[in-house]
Amino acid sequence: IKTFEELYIKPYKYIFIDEFQYAKEGGKNLKYLYDFNPGKKIIITGSSTIDISVKAIKFLTGRVFILNLFQFNFEEFLSYRDKDLYNLLKKFKDELKIEKEKILLPEMSSSVLDIFYKLYEEFGLYGGYPRVVTTESKTEKIEVLKNIYNIFFLREVKEILNLADDYKLVKLLKVLAIQAGSLISYDDISSISGFNYIQLKRNINLLEKTFIIKQISKSP
Numbered sequence: 001i002k003t004f005e006e007l008y009i010k011p012y013k014y015i016f017i018d019e020f021q022y023a024k025e026g027g028k029n030l031k032y033l034y035d036f037n038p039g040k041k042i043i044i045t046g047s048s049t050i051d052i053s054v055k056a057i058k059f060l061t062g063r064v065f066i067l068n069l070f071q072f073n074f075e076e077f078l079s080y081r082d083k084d085l086y087n088l089l090k091k092f093k094d095e096l097k098i099e100k101e102k103i104l105l106p107e108m109s110s111s112v113l114d115i116f117y118k119l120y121e122e123f124g125l126y127g128g129y130p131r132v133v134t135t136e137s138k139t140e141k142i143e144v145l146k147n148i149y150n151i152f153f154l155r156e157v158k159e160i161l162n163l164a165d166d167y168k169l170v171k172l173l174k175v176l177a178i179q180a181g182s183l184i185s186y187d188d189i190s191s192i193s194g195f196n197y198i199q200l201k202r203n204i205n206l207l208e209k210t211f212i213i214k215q216i217s218k219s220p
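Taken in order, the sequence shown gives residues 1 to 220; the numbers are from UniProt numbering.
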């Protein structure tokens, strides 16, 4: 830690450490670096709030600000892909309506509507990961998503969930993807994925904390 401090902490005011969850005894070491190097700004990042919380935050009470960086939402996606259309929709935002799962837009030309629905379909199909959004080629978008799936979902999430293999995880992710936007049945998902009810609830909760899914509960 002393060598790391001399090489990477003392010479700089701002220090960025990515994938912090892999650092051995990272939390204790980070506390030492922060306490003995006043005035430094240390930014740590990682793909799992669970691991970051366990390995770092518990050692840094009162010393840390937590920021969650999400994927692009549709407005951010539209702002990047078509600035003029984004500005137009922003102007008419209060007139947008959603009825029976269909977006109803204010009076616009058919050509503008065609562009909007095409982009809306693209966002629904490929999602809002920044690298995917900024990629023009559909083939490359698919490759980027495959890499995210193989590296993050099947490797890191499997470790976080403490699974011996990824067979059940793959089945769980597939069934959740198919049912996106619909009511889910824990009994059905449990039967398909092979996780019992308690395991399923735990794993779905962890998937949400790793930003893979977002649960929306019905109002009472």
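We put the beta carbon where it would ideally sit given N, CA and C, even for glycine.
Close Cβ partners of Y126 (< 6 Å) along its chain, the five nearest in sequence each way excluded: Within the same chain, Y126 has close Cβ partners V132 and K141.
Any 3 or more C-beta pairs closer than 8 Å across the region 144–152 and the region 193–201: Flag = no, the region 144–152 and the region 193–201 do not touch.
F4 versus L206, L30 and N205, residue with shortest Cα-Cα distance: Minimum Cα distance to F4 is reached at L30.
Cβ distance (whole Å) where I17 is taken to contact I9 below 8 Å: Contact check for I17 and I9: beta-carbon distance about 10 Å, past the 8 Å limit, so the pair fails to qualify.
Beta strand (DSSP E) segment containing I184, residue limits: No residue range can be given for I184, since it is assigned to no beta strand (DSSP E) and is classified by DSSP as neither H nor E.
DSSP bridge partner residues for Y14 (one or two, in chain order): The partner list for Y14 (beta bridge, DSSP) reads K41.
For G194, the three-state DSSP class (helix, strand or coil): In the structure shown, G194 falls within a coil segment according to DSSP collapsed to helix, strand and coil.
Unbroken alpha helix (DSSP H) run spanning K174, endpoints: Y167 to I178 is the span of the alpha helix (DSSP H), which, as asked, contains K174.
Opening and closing residue of the alpha helix (DSSP H) in which N147 lies: Going by DSSP, N147 is part of the alpha helix (DSSP H) stretching over K138 to I148.
Backbone CA spacing between T61 and I42 [nearest angstrom]: Roughly 15 Å between the two C-alpha positions.
Inter-residue CB distance, V170 and I192 (contact presumed, cutoff 8 Å): Here V170 is actually not in contact with I192; their C-beta atoms are around 11 Å apart, not less than 8 Å.
DSSP-derived helix/strand/coil call for Q199: Residue state, collapsed to three classes: helix.
Nearest to L173 (by Cα), restricted to the options K118, L207, L119 and E156: When C-alpha distances from L173 are compared across K118, L207, L119 and E156, the shortest belongs to L207.
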